[in-house]
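J.: Chains as they are written, first to last, in the numbering used here: chain D, 1 to 623; chain A, 624 to 1000; chain L, 1001 to 1501.
(1) Counting contacts by CB-CB distance shorter than 9 Å, is residue 900 (chain A) in contact with chain L?
(2) Report the rounded CA-to-CA distance for residue 254 (chain D) versus residue 104 (chain D), giving the unit in angstroms.
(3) Give the residues from the stretch 1452 to 1481 of chain L that approach chain D closer than 8 Å (Cβ to any Cβ), ordered along the chain.
(4) Residue 1231 (chain L) to residue 1296 (chain L), Cα distance in whole Å?
(5) Could you name the residues of the stretch 107 to 122 of chain D whose beta carbon sits closer than 8 Å to any beta carbon of chain A, in the order they occur along the chain?
(6) So if I threshold CB-CB distances at 9 Å, which residues from the stretch 515 to 548 of chain D count as touching chain A?
(7) For residue 1078 (chain L), is the classification buried or exposed, using 16 other Cβ atoms within 10 angstroms of its Cβ as the cut-off for buried?
(8) So with Cβ pairs under 9 Å, would you call residue 1409 (chain L) a contact of chain D?
(9) With a threshold of 7 Å on Cβ separation, who are the neighbours of residue 503 (chain D) within its own chain once the five nearest residues in sequence on each side are excluded?
(10) Of the choices L:1465, L:1421, L:1396, whose alpha-carbon is the least far from that of residue 188 (chain D)?
(11) Check this for me: beta carbons of residue 318 (chain D) and residue 400 (chain D), under 9 Å apart or not?
(12) From this set, L:1019, L:1377, L:1080, L:1159, which residue's C-alpha is nearest residue 1057 (chain L)'s C-alpha?
(13) Under the three-state reduction of DSSP, which class applies to residue 639 (chain A): helix, strand or coil?
(14) Show which residues of chain L have a CB atom less than 7 Å away from the CB atom of residue 936 (chain A).
(15) Using a Cβ-Cβ distance under 9 Å, would residue 741 (chain A) count as near chain L?
(16) Of all the CB atoms in chain D, is at least one closer than 9 Å to the CB of residue 1114 (chain L)?
(17) Would you grab the beta carbon distance between residue 1364 (chain L) and residue 905 (chain A) for me? Rounded to a whole angstrom, and I think it's under 8 Å.
(18) Measuring alpha carbon to alpha carbon, tell me which of D:473, D:430, D:471, D:111 ends up nearest residue 515 (chain D).
(19) Around the C-beta of residue 1433 (chain L), are 16 or more other C-beta atoms found within 10 angstroms, so that it is buried, or is it exposed?
(20) Helix, strand or coil for residue 1226 (chain L) per DSSP?
(21) Taking Cβ to Cβ, would you say residue 780 (chain A) is nearer than 9 Å to residue 703 (chain A)?
(22) Which of the residues in the stretch 1346 to 1379 of chain L, read from start to end, lie with their CB under 8 Å from any CB of chain D?
(23) Identify whether residue 591 (chain D) lies in helix, strand or coil by the three-state DSSP scheme.
(24) Is residue 246 (chain D) helix, strand or coil when you go by DSSP?
(25) Start and end of the alpha helix (DSSP H) containing residue 801 (chain A)?
(26) Would you kindly report the start and end of the unbroken alpha helix (DSSP H) that includes residue 917 (chain A)?
(27) Touching or not, the stretch 772 to 790 of chain A and the stretch 735 to 747 of chain A, by the rule of three or more beta carbon pairs under 8 Å?
(28) Using beta carbons (cut-off 9 Å, strictly below), is residue 1403 (chain L) in contact with chain D?
(29) How long is the line joining the alpha carbons of residue 446 (chain D) and residue 1339 (chain L), rounded to whole angstroms?
(30) In chain order, what residues of the same chain lie with their CB nearer than 6 Å to the CB of residue 1124 (chain L), ignoring the 5 residues before and after it?
(31) Do you know how far the Cα of residue 71 (chain D) is from the Cα of residue 148 (chain D)?
(32) Quick one: does residue 1434 (chain L) have its CB under 9 Å from some CB of chain A?
(33) Between which two residues does the beta strand (DSSP E) holding residue 1061 (chain L) run?
(34) If we ignore side chains and look at the alpha-carbon of each, how far apart do residue 331 (chain D) and residue 409 (chain D) end up?
(35) Who are the near neighbours of residue 282 (chain D) in its chain, counting only those whose CB is closer than 6 Å to its CB and skipping five residues on each side?
(36) Can you confirm whether residue 265 (chain D), when its beta carbon is compared against all beta carbons of chain L, has any partner nearer than 9 Å?
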């Protein structure tokens, strides 16, 4: 009885699912005379139960050996698709993070969406989302993780499309789904291939399979690349990064989850797949390349954004880029810590900007200013969130970096340079946004800004406290996945200067951000070169245009061509040549309004004659 | 024949409505159906406003600077039955009242808006804050660190109270309109407008005041000496903020800064009740759904019968309510236009007519993109 | 037992066809619903008694018929036909129940639908080639009239086109059947007897090609598919549901039963080409679907794309792949029936299916929010989102055919990806956004318009979550079939070693 919660930890994802199902009477509009809030309360309750259940299980899991629960889901021929979940402090910890942030986001949503009559549908989707997320956290099966990733794709589509009547939402939801789906599908190709090469689809089985893998490096590379594609879409990495920007059209409570735990889940699966990337140096290199390009590119894009959500969401891509780099280098513990610290810091920042958006009915940071003294919780959340994401003050990311640079991992100059660049750019961006939004004189749209009510303030304050406590994690448990430190080379010169240099980069970023000339009220730079770069970054390097001119164009054109070919060539030719000549003239011009019995007879007779003729032919031959 | 003493027809795109107003008619076409719909909907609106108004005033008086106002919608009457109904969401959506209050607060305008920025207000607010949080070192420390946090909350409380007082008057006015209609005294739309106009004029200089009781002592927040009055300091800013400007609905407008869908200046906002599209009502991200939902419970039978006759029966009740509600709002707007006109609109004096014409055309400029053509269509 | 499934609807069809005029359309619908429900219950009863662990045919019936022809009334049921039989019974109930209560000439209509059921059931049960052919032909006639009488504006054209194509299909199948009997030199058209006959590869090949084209028209595969979009567009909703849900399966059933069953060697010889054919057909169907403006055409082309997956699985001819083929047939039957039903409701309410005219139908007050939500579900199921039946079926297909035909499999997976593209484009246009001014005055949706869709959705979800309930009927049986004539389960490694040998 004592470890009842531990034994039933696999049930945690079902709370969200049950909650989602129970909202149906309201979300489907069956209950119309009263409002949709019970749907929200039910989901809050279920998420709370999930959180409590997970917490108890998490504490009980300490000191317990890692073990798997296998559920044989589908067996046919010699294919055995089992859904395996893993009981370990890491998996339960990840689940805990998911349910915790979901719980906070759902309380937050009660305030943020208090005027929205589709509240029940929103909470139903959140419950579904939560179920998929917490499922991935404990999944030990690539197959199960894939299935859940697809469910996340679906719920992202539905959540981004929550305000379905808003034109940009329509496009955003579609793009989010299709972009993620591209990644998912390539991932599925990888899974199908892996499974066909005899690999079991459990992560733990994969690890042992890799040691004796019967495949060539060439195949391993292809499979590795295919497996990378899924997380690339999920984590909004180049070139599948645009959906996250567009997904900001969705409601903010979902944005909190999306920018913290949802993107993380893609990387979480990537971390679990890391053994496979060891088979192919090319796959590892590609991971590092994707991660670096995204980290730098997205950090640059963030700096040019004027939309408060987008200024932060691009930075999400950048941090996930760093996770990709860490996985590519094989530094899985660091990747894990990065995800953890980022999820908390980014969730906090999104809570903060949500309260700004709600109070000012505005997302344009050039129209804001002077919020700090009116909104203490919001301001504190932004500052703490920002500080814990930059290696500058001794908070979340600082300690993660410190672990990375502790000498246990092999660090190259290039990596350090990349981290410094991203750190400086992020610091610059956050400082810039902070100045625009919180400092200076109030602007017309920020003149009347009372602090938000408790449903939004409480989660914000609670997460602020958590963010302050987060550094304990990298300090105490820096090696979640590796039992022992891989390396001991703390006295390399590079290691010794690494942390000071990183902090320096943060200082430089903040200073530039503080000195930067701010543009207000839709103003655009007058200098042509400056404007070019501003636009280039603001419009995400025009990647969307590139998509339109390549992939989208290709699909649209080829489908039009095929359709034309179908209508005029295939249909025309087959119709005309094949058949029209056979049954030419009036023979088959039926007038259906006439006596139908006649036609039944005709056709029956026709068929009968056909059979008899054939029979005669047959027997003629036999005789 | 040159008639120098007759005003030329207006060349405004909405000239039809200018002429209508000049001849004593309303923005909404006069017809028995329209009268029935407008009076019926205003009756249910009156009932809802009554509830809103009581609650706003209750919150401003009893939930003053309460950080966890869990029972703010209970008007002080907390019991299990009510709690259960609250959880079941079988209640008035007071969130909508707060939404209107916040819109009014955010858009500003009028004497109240400038008064809450005066040092005098600051002093009064400070006194109330100190009284409320006496001995609470944490909150007072926070107050020191973020000096505008609590005063801003007090300002918001003032708006709670002011909007509550405004709606009190409006609610009574709509209820008496309904009573007069039931007695057969109201037959035409111009009569409806006249009733509203009379109500506005009668209470025009009613003072707007606000005081809270903290630990047995009364603290003035909006004293009588501030000289705030019903018409100019609540009615006019309310019409401006809620009828005209409003806030963009996330369900139809993108907040994306780079999409530039929301204007830079708040004065360019056209998301108010006179502009809103009724069709998306009931969907996601459309706050007025809450008002329509509240009104559906109080629709008089004669109006309900009209709604039931629609093709979708009661499936689209809230959209129908919104369409009717929009009609009634144009009547209220007509009353406001009439009340604020420089001269009586029926004047025969040419100069006065010309001044009125200019005044009306300024209004019509704002109404070009409104739903005025749709409600008459 | 099996004969009851054929003769009950037949007798009911005759009775209804000559039933009293005094009963109105709604009453005939009730009667037919009862009859088809009885059939469904009967099917379930048969399924309960069916022993999946036993290989070979069960419930066999044999009545000598036309001796000099070698034609016998010979029925049997195995793991391949049982799921399809169930699908047929289920969809017939739903199709009848969702027919318009006010249609013209109800006696003829319901008699035809029941006759259609007779034809399809008979074809799934026939163990005699000629008997199969007779049922196969029988099913064409009612369908022709169902399209030609209760169809849309160009129903004459579509029905005639359908008739010509399927007639050719029938002739080709008959030719192949006669050929095989002639070559094998057997006394009768008995399936089991013919299977054991040894036919040289060179003789098998032309017969199989004829059979492939014959059934390929029915399924249909590119380039024999052009009758299908026309037929769907003109057919009424219940007929479209049956056409996509069940009738197309006759083609793939025929390929599995006769193509593989009789010409295994030739089949294996042609398999790589069949896989390529499947990929071309899948991509072609998907590509066409993207460009369509008529919702029904989108779903119709999607049918072409998804049925091609069955060919891919059939080409692989392993235990797993044949099971996958059966799963895909069931899955496609449910999903396409759901989609056609929903499109039908949209058309019934909005009077148009043009994606450029419809908009914002998710509107909860004046749109079709239920229909829209279920449409999203159906589209997602079709696109292979896990948790619904489409996923497991497609996963099994890809997983089983990848070791043998990696490139065609990957191309088919691209086709799955395109499914999401065309359905999302359609859903975004039709259901998202502000309600179009052209279609704001939709009549209300009644529960009768929703329940069939909800039932189908439940099947799609439940079988997606517990796919064993779908595969348990066929798996052991197909396993035994394959030991007879198929490849065992193959992984890439084994294949590598196979080629080395």
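We put the CB at the ideal spot given by N, CA and C, even for glycine.
Predicted model only: the values in this text are computed from it and were never measured.
T.: Answer, in terms of the structure:
(1) For residue 900 (chain A), the answer is yes, since a Cβ of chain L falls inside 9 Å of its Cβ.
(2) Each residue's CA atom was taken as its position, placing residue 254 (chain D) and residue 104 (chain D) some 11 Å apart.
(3) Against chain D - using a Cβ distance shorter than 8 Å - the residues of the stretch 1452 to 1481 of chain L are 1467, 1468, 1471, 1475, 1479.
(4) Going from the Cα of residue 1231 (chain L) to the Cα of residue 1296 (chain L) covers about 10 Å.
(5) Hits within the stretch, in order: 114, 115, 116, 117, 118, 121, 122.
(6) If the cut-off is 9 Å between Cβ atoms, the stretch 515 to 548 of chain D has 521, 522, 538, 539 near chain A.
(7) By the neighbour-count rule (16 or more Cβ atoms within 10 Å), residue 1078 (chain L) is buried.
(8) Yes, residue 1409 (chain L) lies at the interface with chain D (some Cβ there is under 9 Å from its Cβ).
(9) 391, 392.
(10) With distances taken between Cα atoms, residue 188 (chain D) lies closest to L:1396.
(11) Taking 9 Å as the Cβ cut-off, residue 318 (chain D) and residue 400 (chain D) do not qualify as a contacting pair.
(12) Nearest neighbour of residue 1057 (chain L) by Cα position, chosen from L:1019, L:1377, L:1080, L:1159, turns out to be L:1080.
(13) Secondary structure of residue 639 (chain A) (DSSP, three-state): helix.
(14) Within 7 Å Cβ-Cβ: 1444.
(15) Closer than 9 Å: no.
(16) The beta-carbon of residue 1114 (chain L) is placed no less than 9 Å from the nearest beta-carbon of chain D.
(17) About 5 Å separates the beta carbons of residue 1364 (chain L) and residue 905 (chain A), which is inside the 8 Å limit, making them a contact pair.
(18) Checking every option, the nearest Cα to that of residue 515 (chain D) belongs to D:430.
(19) Counting other Cβ atoms within 10 Å of its Cβ, residue 1433 (chain L) reaches 16 or more and is therefore classed as buried.
(20) Assignment of residue 1226 (chain L) by DSSP, reduced to helix, strand and coil, places it in the coil class.
(21) Cβ distance not < 9 Å, so residue 780 (chain A) and residue 703 (chain A) don't count as in contact.
(22) Of all residues in the stretch 1346 to 1379 of chain L, 1360, 1362, 1363, 1364, 1369, 1370, 1373, 1376 have a Cβ within less than 8 Å of some Cβ in chain D.
(23) Unreliable positioning characterises residue 591 (chain D) in this predicted model, as indicated by a pLDDT of 41, which lies under 50. The coordinate reading is nonetheless provided below. Looking at residue 591 (chain D) - three-state DSSP - the assignment turns out to be coil, as it is neither helix nor strand.
(24) Residue state, collapsed to three classes: helix.
(25) Following the DSSP letters along the chain, one finds residue 801 (chain A) inside the alpha helix (DSSP H) bounded by residues 772 to 805.
(26) In the DSSP assignment, residue 917 (chain A) falls within the unbroken alpha helix (DSSP H) covering 912 to 919.
(27) With three or more CB-CB distances shorter than 8 Å, the stretch 772 to 790 of chain A counts as touching the stretch 735 to 747 of chain A.
(28) Among the CB atoms of chain D, one or more fall inside 9 Å of the CB of residue 1403 (chain L).
(29) Their Cα atoms are separated by approximately 49 Å.
(30) If we look at residue 1124 (chain L) and ignore the five residues flanking it on each side, its Cβ neighbours are 1081, 1084, 1085.
(31) Distance between the alpha carbons of residue 148 (chain D) and residue 71 (chain D): 16 Å.
(32) By this cut-off, residue 1434 (chain L) is an interface position.
(33) Unbroken beta strand (DSSP E) run through residue 1061 (chain L): 1058 to 1066.
(34) For residue 331 (chain D) and residue 409 (chain D), the distance between alpha carbons rounds to 7 Å.
(35) In its chain, beyond the 5 residues on either side, 221 have a beta carbon closer than 6 Å to the beta carbon of residue 282 (chain D).
(36) Interface flag for residue 265 (chain D) against chain L is unset, since no Cβ pair is found closer than 9 Å.
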